[in-house]
Amino acid sequence: MKNKKLSLSGLLRVFFPETKEMEISRDEYKVLFIFDGLDECRLSLNFKSKVKLCNISESASVDVLLMNLIVGNLLPSALIWITSRPAAADLVPSECVHRVTEVRGFNEPQKEEYFRKRISDQSLADRIISHLKSSRSLFIMCHIPVFCWISAAVLEKMLSPAESGEIPKTLTQMYTHFLILQTNIKHEKDYEKKVTDEDMILKLGKVAFRQLVKGNLIFYEEDLRECGIDVTEASVYSGLCTQIFREELGLYQGKVFCFAHLSIQEHLAALYVHLSLTNHNRNVFEPITKQNLRSKVKKQFQLSSSEHVSISELHQRALKEGLQSKNGHLDLFLRFLLGLSVKSHQILLQRIMKLKSSSSDSNEKTVEYIKKKIRTIDSPEKSINLFHCLNELGDRSLVEEIQQYLKSGRIKETKLSSSQWSALVFVLLTSEEELNEFCFDKFVKETNNPENMKVLQKLLPVIKESRSVQLSKCGITDEGCAALTSALRSNPSHLRELDLSENKLRDSVKLLSDVLQNPHCKLEKLWLSKCGVTDEDCAALASALRSNPSHLRELNLSGNNLRDSSRKLLSDLKVDPHYKKL
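Letter by letter, the sequence shown follows residues 1 to 582 of the UniProt record's numbering.
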């Protein structure tokens with residue numbers, strides 16, 4: 001389908017033959033298109049393309065048809081609803097988006113509600129909830145419904161009287177137990193044991209890794225063949241492990257394959273990378289030519305085991321690849337990969353396959369490497385994932401140090417290092433308390449210190465997750481305001497109230513005006529009292545509010561020297577029912 005040329009009307013007739021007698025371009029029809037899973041699309045949608053189609057009878061490739069439909073060249077009166085993960089959603093130009101709706105997953109009460117409804121034995125449900133709450137990283141992940149489903153399946157069995165062994169406390173342990181659970185179910189179906197666990201896991205893991213690196217969630221038959229899986233074999237896998245690997249019908253009723261969830265793909269990809277090294281001394285991140293050369297040298301000179309690739313080398317290479325990723329698509333994969341090298345995990349995996357263990361010394365090298373990266377990395381978001389990686393490796397030294405500062409109330413008086421600021425962000429984001437209000441002056445001693453803007457940058461992930469942010473009298477500069485606008489633009493954005501009163505904002509008001517026009521901005525209350533707002537700034541704000549009137553409810557501009565004409569610009573907006581106070 002992706003290589004065929006069709007007109008939009010022809011494409012619709014393929015899937016909806018009943019439209020053959022309809023002229024959908026006529027005004028009497030209201031057309032709604034639903035594109036579910038833009039992030040799973042294997043078509044290359046180039047919104048910068050100059051190929052413009054306006055006639056639904058004109059033929060083009062499917063990607064060109066979709067692009068022109070989304071931007072409004074084809075059927076401009078049509079309604080379009082797109083579902084997607086945030087990274088792919090950002091590909092669609094903001095001027096084409098009129099409304100953004102966020103599916104946030106379970107909140108804290110809903111997490112518990114899920115397990116109480118899923119588990120009929122309420123005493124067992126209580127034990128499952130209690131265990132998940134004891135591991136904050138697991139309970140946070142429970143906002144994803146599929147993780148609740150995985151956790152319920154694993155813990156319902158693990159906490160039963162007939163079971164023994166260590167209860168999963170990390171993300172990697174939970175997913176590995178789930179994999180073991182599914183292979184046991186496979187054994188019940190596969191009476192003749194035609195498919196070995198190790199062979200199936202390695203082949204599926206190879207597909208998972210190769211397609212994860214490419215950013216693909218849907219695979220075709222040719223993708224499987226590249227990894228040594230024929231179509232018959234793939235059908236067997238999907239039949240034996242329906243909760244891991246699935247076969248579905250795609251365009252023109254052709255077969256497509258996918259994993260039950262992206263996180264399952266990420267876990268299998270990590271397992272493949274880990275096993276390739278421990279069992280076959282192969283670093284899959286190296287180019288094939290380099291691997292072949294290493295193999296030849298090994299045969300010629302009979303290298304000793306001490307000269308093999310170490311697990312720390314693999315970890316460092318994987319971490320470099322992950323940190324270079326712009327959209328963080330390898331973040332969860334990294335957590336799984338590092339968690340798999342822990343000794344208790346290797347014992348666990350031996351239930352389903354032969355496994356050569358890696359040395360604990362290598363993990364110590366990996367821990368030191370991660371801490372070094374935390375000290376030097378610029379991105380707060382990437383440093384947060386590095387703390388999750390440390391958690392999978394069982395190292396909480398930086399986190400425990402910051403928790404002591406917070407308990408003692410000495411955080412304002414302490415000059416924190418770069419890695420300590422990163423640890424603080426991680427602690428705040430993984431706290432049991434919801435981030436309803438963020439007060440900047442709790443973390444800085446002198447509110448007008450120029451160094452505060454560096455601190456603000458480091459705390460940006462916390463600001464993005466907070467509902468209300470108090471920055472009154474904090475000496476916010478243009479640089480700091482630019483950072484705040486990135487939080488308001490983020491997808492999703494949780495920020496609803498922002499107090500910037502008594503800061504000399506200068507040109508920053510124009511930055512705020514620009515972001516207020518963005519459909520991702522969900523700000524409801526904005527305080528700019530005594531901020532030196534000019535008449536020109538006021539005009540920019542009024543223009544922004546007219547273009548995106550659905551969110552802001554309250555704007556405080558008291559204490560600014562504004563002309564009557566500027567006040568009128570804003571007072572005219574009061575007739576708009578969207579605005580409660582202006």
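Quick reminder that beta carbons are idealized off the backbone N, C-alpha and C, glycines included. None of these values were measured; they are calculated from a predicted model.
Our contact map puts His551 next to Cys521 with C-beta atoms below 8 Å; I'd like the distance itself, whole angstroms only.
That pair is a contact at about 6 Å.
Euclidean distance between Cα positions of Leu53 and Ser9:
Cα-Cα distance, rounded: 13 Å.
Within its chain, find whatever has a CB closer than 7 Å to the CB of Arg13; leave out the 5 residues flanking it on each side and keep chain order.
For Arg13, where only same-chain residues beyond five positions count, the Cβ hits under 7 Å are Thr19 and Lys20.
Can you round the beta-carbon distance between Tyr369 and Leu319 to whole angstroms, since I take them to be within the 8 Å contact cut?
Right, the Cβ-Cβ distance comes to about 7 Å (below 8 Å), so this counts as a contact.
Among Leu74, Asn503 and Cys258, which has the Cα closest to the Cα of Asn448?
The candidate whose alpha carbon is nearest that of Asn448 is Asn503.
If I'm right that Ser529 touches Asn561 with Cβ under 8 Å, what's the distance once you round it to whole angstroms?
The distance from the Cβ of Ser529 to that of Asn561 is about 12 Å, inconsistent with a contact at the 8 Å cut-off.
Count the other C-beta atoms from every protein chain shown that fall within 10 angstroms of the C-beta of Tyr237, then say buried if there are 16 or more, exposed otherwise.
Buried, because 16 or more other Cβ atoms sit within 10 Å of the Cβ of Tyr237.
Nearest CA to the CA of Met200: which residue from Ala269, Ile311, Val256 and Lys4?
It is Ala269 whose Cα lies nearest to the Cα of Met200.
Give the DSSP-derived three-state secondary structure of Ala60 in the structure shown.
Assigned with DSSP and collapsed to three states, Ala60 falls in strand.
Can you tell me whether Asp499 is helix, strand or coil according to DSSP?
Correct three-state label for Asp499: strand.
Give me the Cβ distance between Met22 and Leu45, rounded to the nearest whole Å; I'm assuming they're in contact under 8 Å.
With a contact defined as Cβ atoms closer than 8 Å, Met22 and Leu45 miss out at about 26 Å.
Just checking my contact of Phe336 with His267 at CB under 8 Å: how many whole Å lie between their CB atoms?
5 Å between Cβ atoms; contact.
What is the DSSP secondary structure of Gln350, reduced to helix, strand or coil?
Here Gln350 sits in coil by DSSP.
Of the residues Leu338, Arg225, Gly328 and Thr232, the one placed nearest Tyr272, counting alpha carbons only
Comparing Cα positions, the closest option is Leu338.
Quick one: Cα of Asn283 to Cα of Val309, how far?
Distance between the alpha carbons of Asn283 and Val309 is about 7 Å.
Proximity below 8 Å, CB of Ala540 to CB of Ser513:
Result yes, Cβ atoms of Ala540 and Ser513 sit closer than 8 Å.
Pick from Asn518, Pro380, Gly409 and Cys481: whose alpha carbon is nearest that of Ser508?
The residue among Asn518, Pro380, Gly409 and Cys481 with its C-alpha nearest the C-alpha of Ser508 is Cys481.
Please state whether the Cβ-Cβ distance between Asp63 and Leu38 is less than 8 Å.
Contact flag unset, no.
Closest to Cys538 by CA distance: which of Asn548, Lys510, Leu526 and Asn518 is it?
It is Lys510 whose Cα lies nearest to the Cα of Cys538.
Assuming Val462 and Val425 are in contact, meaning their beta carbons sit under 8 Å apart, how far apart are those beta carbons, in whole angstroms?
Between Val425 and Val462 the Cβ distance is about 6 Å, and since that is below 8 Å, they are a contact.
Excluding five sequence neighbours on each side, which residues of the same chain lie with their C-beta closer than 7 Å to the C-beta of Lys5?
Non-local C-beta neighbours of Lys5 in its own chain, meaning closer than 7 Å and more than five positions away in sequence, comprise Ser59, Ala60 and Ser61, ordered along the chain.
Where the alpha helix (DSSP H) through Ser419 begins and ends:
For Ser419, the enclosing alpha helix (DSSP H) has its first and last residue at Ser418 to Leu429.
According to DSSP, which residues form a beta bridge with Asp39?
Under DSSP, Asp39 forms no beta bridge with any residue.
Same chain, Cβ closer than 6 Å to Thr183, five either side skipped, listed in chain order:
Answer for Thr183: Asp197 and Ile352, listed in chain order.
Determine the direct distance from the alpha carbon of Gln404 to that of Val231, and round the result to whole angstroms.
Their backbone Cα atoms lie some 56 Å apart in a straight line.
Limits of the unbroken alpha helix (DSSP H) element including Cys389:
From DSSP, the alpha helix (DSSP H) with Cys389 extends over Pro380 to Glu392.
Could you tell me the distance, in whole angstroms, from the CA atom of Arg423 to the CA atom of Ile144?
At residue 423 the sequence reads Ala, which differs from the Arg that was named. So the alpha carbons of these two residues sit roughly 24 Å apart.
What three-state label does DSSP hand Leu79 in the structure shown?
Strand at Leu79.
Which value, in whole angstroms, describes the spacing of the CA atoms of Ser468 and Glu524?
A straight line joining the alpha-carbon of Ser468 with that of Glu524 spans about 10 Å.
Over the uninterrupted beta strand (DSSP E) stretch that includes Asn107, give me the two end residues.
From DSSP, Asn107 is part of no beta strand (DSSP E); its letter is neither H nor E.
Going by DSSP in three states, Phe47 sits in which element: helix, strand or coil?
Assignment of Phe47 by DSSP, reduced to helix, strand and coil, places it in the coil class.
Please report the residue range of the alpha helix (DSSP H) in which Ser466 lies.
Looking at the DSSP string, Ser466 is not in any alpha helix (DSSP H), and its letter there is neither H nor E.
Exposed or buried, which one is Pro51 when buried takes at least 16 other CB atoms within 10 Å?
Inspection of the sequence shows that residue 51 is occupied by Val rather than by Pro. When all chains shown are included, Val51 counts as exposed.
Whole-Å CB distance - Cys531 paired with Leu498, under 8 Å assumed
Wrong, their Cβ atoms sit about 12 Å apart, outside the cutoff.
Less than 8 Å between the CB atoms is what I'm expecting for Ile56 and Leu74, so what's the real figure, rounded?
6 Å between Cβ atoms; contact.
Have a look at Tyr114 and His177 and give me their C-alpha separation to the nearest angstrom.
Whole-angstrom Cα-Cα distance: 20 Å.
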